[in-house]
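Asks: First the structure, then my questions, so here it is.
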Amino acid sequence: MIVVMKPGSNPKQVEHVVKLVNEMGLKEQVIVGTERTVVAVLGNDRFKDKQRLELADGVDKVVPILASYKMASSEVKNDRTTIPLGGTLGGTVGGVKIPVIAGPCSVESKQQILEIAHAVKEAGAVALRGGAFKPRTSPYAFQGLAEEGLKYLAEAREQTGLAIVTEVMSIDQIPAVVEYADVLQLGARNMQNYNLLAKIGQTRKPVLLKRGLSATLEEFLLAAEYILAGGNTQVMLCERGIRTFETDYVRNTLPLAIVPELHKRSHLPVVVDPSHGTGKSHLVPDMCRASIAAGADALILEVHGDPEHALTDGAQSLNLKQFSEVMKSIKRVAAAVDREV
Ligand code: PEP
Ligand code: MN
Numbered sequence: 000m001i002v003v004m005k006p007g008s009n010p011k012q013v014e015h016v017v018k019l020v021n022e023m024g025l026k027e028q029v030i031v032g033t034e035r036t037v038v039a040v041l042g043n044d045r046f047k048d049k050q051r052l053e054l055a056d057g058v059d060k061v062v063p064i065l066a067s068y069k070m071a072s073s074e075v076k077n078d079r080t081t082i083p084l085g086g087t088l089g090g091t092v093g094g095v096k097i098p099v100i101a102g103p104c105s106v107e108s109k110q111q112i113l114e115i116a117h118a119v120k121e122a123g124a125v126a127l128r129g130g131a132f133k134p135r136t137s138p139y140a141f142q143g144l145a146e147e148g149l150k151y152l153a154e155a156r157e158q159t160g161l162a163i164v165t166e167v168m169s170i171d172q173i174p175a176v177v178e179y180a181d182v183l184q185l186g187a188r189n190m191q192n193y194n195l196l197a198k199i200g201q202t203r204k205p206v207l208l209k210r211g212l213s214a215t216l217e218e219f220l221l222a223a224e225y226i227l228a229g230g231n232t233q234v235m236l237c238e239r240g241i242r243t244f245e246t247d248y249v250r251n252t253l254p255l256a257i258v259p260e261l262h263k264r265s266h267l268p269v270v271v272d273p274s275h276g277t278g279k280s281h282l283v284p285d286m287c288r289a290s291i292a293a294g295a296d297a298l299i300l301e302v303h304g305d306p307e308h309a310l311t312d313g314a315q316s317l318n319l320k321q322f323s324e325v326m327k328s329i330k331r332v333a334a335a336v337d338r339e340v
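According to numbering that gives the first Met the number 0, the sequence shown is numbered sequentially starting from 0.
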């Protein structure tokens, strides 16, 4: 449930509410909105004493959160969450401006990532993606450069100012990824790795949470809830396509209706990944435009200097020229829906 403070309530009153919540053996999260402050009460419903909280000074009302995902729900927070990506180019996800995160599927070499970083920055990206730890279907496939890859990404940030978005696949990789990256990517295959989600919730880095291959919207939001419940409030929801019966013309099916639906149910920003969402580079530009028309708060795109020879996901990667054309064309769609790129 949430304790809604009266407009103009003071910090002492909020502190007192927090104290009462803690006395019940429950955790709290204070959300300071533009109009009023709300204290979310987290934990087992059995211990929640609504009446005691209603009596406290400065409290307007105590209301239950009906959704199973509590902190992720728009019931807890009216205004939308905005998340700065880091780097020095000033990209923020969730505002009027739509930042584009671009880069290769995998970091393959220092030269490769630096070349792509400069090119995507030139075209207007504000963040660089690139996996150093890769979740591969086959154990014999390229698994990523690991910490060496993270160092190359950090060097790319140094040279370009781009924020770094990279995947963390396991709990033991968290310290290294936190050290080098600006945004932790939690991959589709790990969306239901609850121990990993909880540990990432203890970090204070923004998280790009990808929807699981067969996750429902509710499961997706509950995965976000694991991170939020740990106190990390900076979660971006990333739709990257789901498994359907279709295996031929697309690799995954990109269900864009989830963008407005997530916006309705949650205050968290929504990112779309048309690269994994289609698996085919010729479909990516149209799906970028469609994502923006549907309300996406950011795009994450796979871009490679030489897609034909990419070590991973070449078929869905745009080349540098295609990326720069996409950047130009999405500006017009963004303007049509009162956004900017
Ligand atoms: C990726 O971004 O390269 C990736 C592995 O994504 P996903 O987890 O969505 O498959
Ligand atoms: Mn990929």
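Note that beta-carbon positions come from the ideal geometry of N, C-alpha and C, so glycine has one too.
With Lys-204 as the anchor, note down where its alpha helix (DSSP H) starts and where it stops.
Replies: Per DSSP, Lys-204 belongs to no alpha helix (DSSP H) and is neither H nor E.
Asks: What residues in its chain sit with their C-beta under 6 Å from that of Glu-146, if we drop five residues either side in the sequence?
Replies: Cβ neighbours of Glu-146 beyond the five flanking positions: Ala-175.
Asks: Taking the beta carbon of Val-61 as the centre, do at least 16 other beta carbons fall within 10 Å, making it buried, or is it exposed?
Replies: Its Cβ being crowded by 16 or more others within 10 Å, Val-61 is buried.
Asks: At a cut-off of 6 Å, would you count Lys-209 as near the ligand PEP, judging by its Cβ distance to the nearest heavy atom?
Replies: Correct: Lys-209 has its Cβ closer than 6 Å to the ligand PEP.
Asks: For His-262 versus Arg-239, is the C-beta spacing smaller than 7 Å?
Replies: No, these two residues do not count as a Cβ contact at 7 Å.
Asks: Mind checking which residues open and close the beta strand (DSSP E) that includes Gly-85?
Replies: Note, Gly-85: beta strand (DSSP E), 82-85.
Asks: Run through DSSP, which three-state label would Arg-51 get?
Replies: If DSSP states are grouped into helix, strand and coil, Arg-51 belongs with the helices.
Asks: Name the residue from Glu-53, Asp-48, Lys-5 whose alpha carbon lies nearest to the alpha carbon of Thr-33.
Replies: Nearest option by C-alpha distance: Lys-5.
Asks: Is Val-2 near Leu-25, with beta carbons less than 7 Å apart?
Replies: Their beta carbons are not under 7 Å apart, which means Val-2 does not touch Leu-25 by this criterion.
Asks: Nearest CA to the CA of Gly-94: which residue from His-117, Met-235, Thr-311, Val-37?
Replies: With distances taken between Cα atoms, Gly-94 lies closest to Met-235.
Asks: When we look at the beta-carbon of His-266 and count the other beta-carbons within 10 Å, is it buried (16 or more) or exposed?
Replies: When all chains shown are included, His-266 counts as buried.
Asks: Taking 6 Å as the line, does the beta carbon of Arg-344 fall inside it for any heavy atom of the ligand PEP?
Replies: Missing from the structure shown is residue 344; the chain here goes from 0 to 340 and no further.
Asks: Quick check on this structure: which residue in Glu-217, Val-302, Glu-27, Ala-228 has the alpha carbon closest to the alpha carbon of Gly-313?
Replies: Closest by alpha carbon: Val-302.
Asks: Do you know how far the Cα of Ala-292 is from the Cα of Val-271?
Replies: Whole-angstrom Cα-Cα distance: 12 Å.
Asks: Which runs of the beta strand (DSSP E), 3 residues or longer, sit entirely within the region 52-129?
Replies: Counting whole runs of 3 or more residues, the region 52-129 contains the beta strand (DSSP E) stretches 58-62, 82-85, 90-92, 99-102, 126-128.
Asks: When the Cβ atoms of the region 312-327 are set against those of the region 74-94, are three or more pairs found closer than 8 Å?
Replies: No, because fewer than three Cβ pairs between the region 312-327 and the region 74-94 fall closer than 8 Å, the two stretches do not touch.
Asks: At a cut-off of 6 Å, is Arg-242 close to the ligand PEP when judged by its beta-carbon and the heavy atoms of the ligand?
Replies: No.
Asks: Exposed or buried, Val-31, counting other C-beta atoms within 10 Å across all chains shown (16 or more means buried)?
Replies: Classification for Val-31: exposed.
Asks: What does the alpha-carbon distance come out to for the pair Met-168 and Leu-65?
Replies: Rounded to whole angstroms, Met-168 to Leu-65 spans 32 Å at the Cα level.
Asks: Which value, in whole angstroms, describes the spacing of the CA atoms of Glu-107 and Ala-153?
Replies: If you take the alpha carbons of Glu-107 and Ala-153, they lie about 14 Å apart.
Asks: Could you spell out where the beta strand (DSSP E) holding Met-235 opens and where it closes?
Replies: Per DSSP, Met-235 belongs to the beta strand (DSSP E) from 234-238.
Asks: Fully enclosed by the region 165-226, which beta strand (DSSP E) runs are 3 residues long or longer?
Replies: Counting only runs of 3 or more, we get 182-185, 206-209.
Asks: Between Cys-287 and the ligand PEP, is the CB less than 6 Å from at least one heavy atom?
Replies: Every heavy atom of the ligand PEP is 6 Å or more from the Cβ of Cys-287, so no.
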